[in-house]
Amino acid sequence: MLDGQAALGGALDPPTAPASAGHETGEPEFVQLLTPDGKRLTHPEYDVEFTDDELRDLYRDMVVVRRLDAEGTALQRQGELALWASLSGQEAAQVGSGRALRPQDMVFPTYREHGVLYCRGIDPIKPFVLFRGVAHGGIDPNEHKFNMYTIVVGAQTLHATGYAMGVALDGKVGGDDGEAVLAYFGDGASSQGDVNESFVWASVFQAPIVFFCQNNQYAISTPVERQTRRALVHRASGFGFPGVRVDGNDVLACYAVTRRALDEARHGQGPYLIEACTYRMGPHTTSDDPTRYRTASEVETWQGRDPILRLRRHLESRGLADDAFFDEVAADAARQAVELRERVLAMPDPQPMDMFNHVYVEGSPDLEAQREEFARYLAAFASEGPAMAAEQTGGGRHR
Amino acid sequence: MAETEIITYREAVAEGIAREMRRDPTVVCLGEDIAAAEGVFKTTVGLLKEFGPRRVWDTPISEQAIVGAAMGAAMTGMRPVAEIMFSDFFAVCWDYVANEIPKARYMTGGQVTVPLVLRTANGGGLGFGAQHSQAVENWALTIPGLKIVAPSTPADVIGLMAASIRSDDPVIFCEHKGLFASKGPKPPEGHVVELGKANIVREGSDVTIVALAATVPTALTAAERLAAEGVSAEVIDLRCLIPMDLTTVLTSVGKTSRLITVEENPHQGGWGATLVSVVVDEGFQLLDAPVKRVASENVPLPFADTLEEAVIPTVDKVVAAVKAVVNF
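The listed protein sequences correspond, in order, to chains A and B.
Number 343 in our numbering belongs to position 260 of the first sequence; there are no gaps in the numbering.
Number 120 in our numbering belongs to position 104 of the second sequence; there are no gaps in the numbering.
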C-alpha cells in the first residue's frame, strides 16, 4: 500500500449493511498520504510537497479547531448555546480543504464548517452568534469569500453552482489567478434533488466548482448505505466530471486533492467531486444521541484513524516537533478557547425591536405599522402595565 | 390624435419585460422553454431575438436550479426574471421561495439583497386539472420577505412588471392564465404602477367588492348586473397581496359600509381572510353588515370544466353574496 492506494477495507461496513451496498468490498480505493500510524505515502496524481512549517501549521490548525469545537459542545451543555453542530473527527477534511483554498476562491459551507471558517481567517465567534440565537449569522459573504452557513440541507450546492457560473461568465477562469468555488455538502445531502441538479448544471455549464463531500457516514441517524448503493464518488462520472475519493482523516491528502481540484476548476476544466471519507465522532448536533444508532466498536475503530494523532506521529517520527511544541500548541488552543468562551458569554442579547429589521429593502407599510404598534406595546408595559398595553394596541393601523 | 394601441395580456408580459431589459442591462430572463420556444404560453415572444442568448436563457427542467440560479444572480447584482411555467410548480422549488430568497437579506443583516422576479402562469378556468390550475398567490402570503403581484389588465401587467423588476425585494409575479387572451390599451413608455397601490376600477356607494387578477372582470360583470337592480357596487382591484393596500379598502368601506372579497384561492387560508381580519379589527364600526368572502371551494380543482366552474368564483356567486349583505 505504499503507493497510497489504500483500500478502506471493512472500515465502512455499517452495523447492518444491505447485502449489496458496495462498501464492504472495499471499493473504490482512496487517496492517502498519511497512514493512521503516521507514515508518509506518495501518490502519482495527488501529492504536494509540504514544508516542515506547513506540516506544523496544519497540526496547529486541527488542534485549535477541535478545541474551539469542544468549547461549543460544552457551552451548549451548560445552557449557553441553543445548539451546536460539532465537527469533531472531521478536522482533517476541513483544515486540509480549507487551507487548499487560494484567497480569491469562494466557499459555500453547510452548518458544520467551523474549521473551514477558521482557516478562512474569520472570527471563530461567528458560528456562536448563530447557535446562541443572537442573529442568523450576519456574515458578509464577500469579506472573506465565505458564505453564510446553510441550514437547509443541500441548498448551498446550487447557490455555489450559480455563483461559479457567474465567475465563468465574468471571465475569471483560465489562469493561475482564476477563481474557483468550493461547495461543501454531506453524504445525506447527496440524496437531495438540488444537489443532483447542481451536478447537472455545473457539468453542462463547465462551472469552476469543486463539490467537497464530507462523507461522515451518517445523516443524523441514517447510515450512508441508505443514501447510496455505490460509493458517492461514482456520482461524478455519471454527471460527466472527475471524482476522487480521499481519506478524509488525512489532512495532507485532503489538502492535495482539494488543491488539485480547485486548480483544475480555476483553469477552466470544470467541476470536480471529492468524497472525503471521515467520521462524525460526536452527535449530528447536540440534540441527538449517537449511541442509539451506532456501536461503540465502530466509534473505536474510527478513533484509531484520528486525524490529529496521525500527524503528530508523523511529526514525531521525523523529528519535526518535540514535546515543547505540542505543549505550546495545546496551550495556544486552550487560550483561544477561553477567550472565545468569555466573548460568547459577553454577547449582548438582541433587542425585541430588532425582529423588524431587514425584512424589506423598501419598507412595508404594514410592517412599519406593526413595528410602531409593538413599540407602543413595549412602552406601555414599561409605564402602565399589561392592561394599558392591551388598550394601546386597539387602534387602527391603516387609516 | 393617434388611436390607442390595443395589446393582449399575453403580449403585455413580453412587452413589460422587454421595456425593462432595454433600460437596464442587468435584467436577464431564465426558465424552461422561454427563449427559442418563446414560452409555452407565448409570454416571452421576441425576447431571445431582441436580447440574445446571454440574456434570455433556456434552462434544464430543474425548478430548484432555475430559482436558485436566479437567487445567486440577484445576490451578485443582476435583476433576473425567472419563469416557473405553471404556478403549481412553485411547490417543486419551495425551499428557495420560502426559505432562501425571502430570508437572505434578513439573515445577512441587510448585507445581501435579492432583487428578482419569479413570474408564473397562475390560476384556473382553463380546465388544466388539479395540478396545473391552482391560484397560489396565497401560498406566498404566509412568507414575510416576498412581495406578491397579480395584475388584471395588460396595462397593469406592464406597469407592475416595471415596478417588480425595479424593486430591490423579491417579487412573485402571478400572470393569470385565464386572462392571457384579454385585451386592453397599451400604456405609454415609462408606465410604472407602484406596488401596493390598489385600483378603484368602478366607483359605487352600496358595497365594496375587492378582487384580484381574474376575479376583477368577474366582479365588474357582477357590478354591472347589480347596477341594473339598483345596487351600486364599488370594485377594487387589489393588484398586490404584499404590500396589501388596506387603506384604500378601509376608505371604501367607510363609504359603502359593506364588504365582499372575490378570491380564486380556496376559502381556507385565502388572501381575503387576511384582508377581512384587518377590516373587522380596524373598521368594525364602519360595517353595517357581515363581511362575505366569495372564494373557491376547499377542494382541488376538478379537471372537468363544468366542475371547475362550480368550484371557482362566478358572477352569480358574487351577485348572490352582494345581495345577502345589501339586504342584511
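Here a beta-carbon is modelled for each residue, glycine too, at the ideal position from N, C-alpha and C.
So for residue i, helix, strand or coil by DSSP?
{"i": "A197 of chain B", "result": "coil"}
{"i": "K163 of chain B", "result": "strand"}
{"i": "L317 of chain B", "result": "coil"}
{"i": "F409 of chain A", "result": "helix"}
{"i": "P306 of chain A", "result": "strand"}
{"i": "P101 of chain A", "result": "With a pLDDT of only 36 at P101 of chain A, under 50, the local geometry of the prediction cannot be trusted, and the value read off the model is given with reservation. Looking at P101 of chain A - three-state DSSP - the assignment turns out to be coil, as it is neither helix nor strand."}
{"i": "F464 of chain A", "result": "helix"}
{"i": "I23 of chain B", "result": "strand"}
{"i": "I77 of chain B", "result": "coil"}
{"i": "A314 of chain A", "result": "coil"}
{"i": "L95 of chain A", "result": "With a pLDDT of only 34 at L95 of chain A, under 50, the local geometry of the prediction cannot be trusted, and the value read off the model is given with reservation. DSSP places L95 of chain A in helix when its eight states are reduced to three."}
{"i": "E250 of chain B", "result": "strand"}
{"i": "V29 of chain B", "result": "helix"}
{"i": "V427 of chain A", "result": "helix"}
{"i": "R123 of chain A", "result": "strand"}
{"i": "R459 of chain A", "result": "helix"}
{"i": "V208 of chain B", "result": "coil"}
{"i": "F113 of chain A", "result": "strand"}
{"i": "F191 of chain A", "result": "strand"}
{"i": "V421 of chain A", "result": "helix"}
{"i": "V327 of chain B", "result": "helix"}
In the DSSP assignment, the beta strand (DSSP E) including residue i goes from what residue to what residue?
{"i": "W167 of chain A", "result": "Element bounds for W167 of chain A: n/a, residue is neither H nor E."}
{"i": "R185 of chain A", "result": "From DSSP, R185 of chain A is part of no beta strand (DSSP E); its letter is neither H nor E."}
{"i": "G326 of chain A", "result": "326 to 330"}
{"i": "V217 of chain B", "result": "215 to 218"}
{"i": "E137 of chain A", "result": "Note, E137 of chain A: premise wrong, no beta strand (DSSP E); alpha helix (DSSP H) at 135 to 160."}
{"i": "E191 of chain B", "result": "187 to 192"}
{"i": "V43 of chain B", "result": "43 to 47"}
Looking at C-alpha atoms only, which residue of the options is the closest neighbour of residue i?
{"i": "I308 of chain B", "options": "B:G55, B:F344, B:R135, B:R38", "result": "According to the sequence as given, residue 308 of chain B is Lys; it is not Ile. Of the candidates B:G55, B:F344, B:R135, B:R38, the one whose C-alpha sits nearest the C-alpha of K308 of chain B is B:F344."}
{"i": "L236 of chain B", "options": "B:M177, B:T267, B:K271, B:V278", "result": "B:V278"}
{"i": "T305 of chain A", "options": "A:G271, A:R182, A:P210", "result": "A:G271"}
{"i": "Q275 of chain A", "options": "B:N281, B:T234, B:Q80", "result": "B:Q80"}
{"i": "F409 of chain A", "options": "A:L398, A:R418, A:Q419", "result": "A:L398"}
{"i": "D253 of chain A", "options": "B:A52, B:C256, B:T92", "result": "B:T92"}
{"i": "A348 of chain A", "options": "A:A263, A:P210, A:V212, A:N298", "result": "A:A263"}
{"i": "H197 of chain A", "options": "A:K209, A:F113, A:R395, A:R377", "result": "A:K209"}
{"i": "P291 of chain A", "options": "A:V217, A:D330, A:Q187, A:H367", "result": "A:Q187"}
{"i": "P325 of chain A", "options": "A:H317, A:R424, A:S171", "result": "A:H317"}
{"i": "E27 of chain B", "options": "B:A337, B:L46, B:V108, B:A197", "result": "B:A197"}
{"i": "I216 of chain B", "options": "B:A230, B:V251, B:F102", "result": "B:V251"}
{"i": "R203 of chain A", "options": "A:H227, A:I222, A:V217, A:V212", "result": "A:H227"}
{"i": "L267 of chain A", "options": "A:R328, A:E425, A:A336, A:R195", "result": "Strictly speaking, residue 267 of chain A in this sequence is Tyr, with Leu absent from that position. Among A:R328, A:E425, A:A336, A:R195, the Cα nearest to that of Y267 of chain A belongs to A:R195."}
{"i": "S171 of chain A", "options": "A:T368, A:D405, A:E411", "result": "A:T368"}
{"i": "D449 of chain A", "options": "B:V226, B:P329, B:K163", "result": "B:K163"}
{"i": "K202 of chain B", "options": "B:G194, B:T330, B:K333, B:G175", "result": "B:G175"}
{"i": "V283 of chain A", "options": "A:Q297, A:G321, A:R401, A:V307", "result": "A:G321"}
{"i": "E451 of chain A", "options": "A:A462, A:L461, A:A465, A:M436", "result": "A:M436"}
What are the start and end residues of the alpha helix (DSSP H) that includes residue i?
{"i": "V224 of chain B", "result": "First, the amino acid is wrong: residue 224 of chain B is Thr here, not Val. T224 of chain B -> not in any alpha helix (DSSP H); beta strand (DSSP E) instead, spanning 223 to 227."}
{"i": "Y201 of chain A", "result": "197 to 202"}
{"i": "A359 of chain A", "result": "First-last for A359 of chain A: 355 to 360, but that is the beta strand (DSSP E), not the alpha helix (DSSP H)."}
{"i": "P170 of chain B", "result": "170 to 182"}
{"i": "T237 of chain B", "result": "231 to 244"}
{"i": "A339 of chain A", "result": "334 to 349"}
{"i": "E66 of chain B", "result": "63 to 67"}
What residues in the region 88 to 113 of chain B have a beta carbon less than 9 Å from any beta carbon of chain A?
-> Within the region 88 to 113 of chain B, the qualifying residues are G88, A89, M91, T92, M94, V108, C109, D111, Y112.
Of all the residues that make up the region 420 to 445 of chain A, which are near chain B by a beta-carbon distance shorter than 9 Å?
-> Here the close residues are N440, H441, V442, Y443, V444, E445.
Short-range partners of chain B found in the region 199 to 229 of chain A, where Cβ spacing is below 8 Å = Listed by position, the residues of the region 199 to 229 of chain A near chain B (Cβ gap below 8 Å) are A218, H219, G220, G221, I222, D223, P224.
Could I get the ranges of all uninterrupted beta strand (DSSP E) runs contained in the region 252 to 318 of chain B, with 3 residues as the minimum, in chain order?
-> As far as the region 252 to 318 of chain B is concerned, its whole beta strand (DSSP E) runs of at least 3 residues are 256 to 258, 275 to 282, 308 to 312.
Taking a cut of 8 Å between CB atoms, which residues from the region 277 to 296 of chain A lie near chain B?
-> Cβ proximity to chain B below 8 Å picks out D277, E280, S281, V283, W284, V287 from the region 277 to 296 of chain A.
Beta strand (DSSP E) runs contained entirely in the region 93 to 158 of chain B, provided each spans 3 or more residues | Given a length threshold of 3 residues, each whole run of the beta strand (DSSP E) inside the region 93 to 158 of chain B is given here in chain order: 95 to 102, 133 to 138.
Residues from the region 149 to 161 of chain B in contact with chain A, defined by Cβ distance under 8 Å = Of all residues in the region 149 to 161 of chain B, P160, G161 have a Cβ within less than 8 Å of some Cβ in chain A.
Using Cβ-Cβ distances below 8 Å, what residues of the region 180 to 207 of chain B are close to chain A?
-> Against chain A - using a Cβ distance shorter than 8 Å - the residues of the region 180 to 207 of chain B are S183, D184, D185.
Unbroken stretches of the alpha helix (DSSP H), 4 residues or longer, contained in the region 223 to 304 of chain A = Fully contained in the region 223 to 304 of chain A are the following alpha helix (DSSP H) runs of length 4 or more, in chain order: 238 to 252, 276 to 287.
Which residues, in chain order, does the region 254 to 277 of chain B contribute to contact with chain A at a C-beta distance below 7 Å?
-> Contacts with chain A (Cβ-Cβ distance below 7 Å) from the region 254 to 277 of chain B involve P259, M260, L262, T263, L266, T267, listed in chain order.
Which ranges does the alpha helix (DSSP H) cover as unbroken runs of at least 4 residues, wholly within the region 362 to 408 of chain A, from first to last along the chain?
-> List check, alpha helix (DSSP H) in window: 379 to 386, 390 to 400.
Which residues, taken in chain order from the region 235 to 246 of chain A, show a beta carbon closer than 7 Å to some beta carbon of chain B?
-> So the close ones are V235, A238, L241, H242, G245, Y246.
Check distances from the C-beta atoms of the region 57 to 84 of chain B to those of chain A and list, in chain order, the residues that come in under 7 Å.
-> Listed in sequence order: P76, S78, Q80, A81, G84.
Name the residues in the region 445 to 462 of chain A whose C-beta lies less than 8 Å from a C-beta of chain B; which are they?
-> The region 445 to 462 of chain A vs chain B, Cβ under 8 Å: E445, S447, P448, D449, L450.
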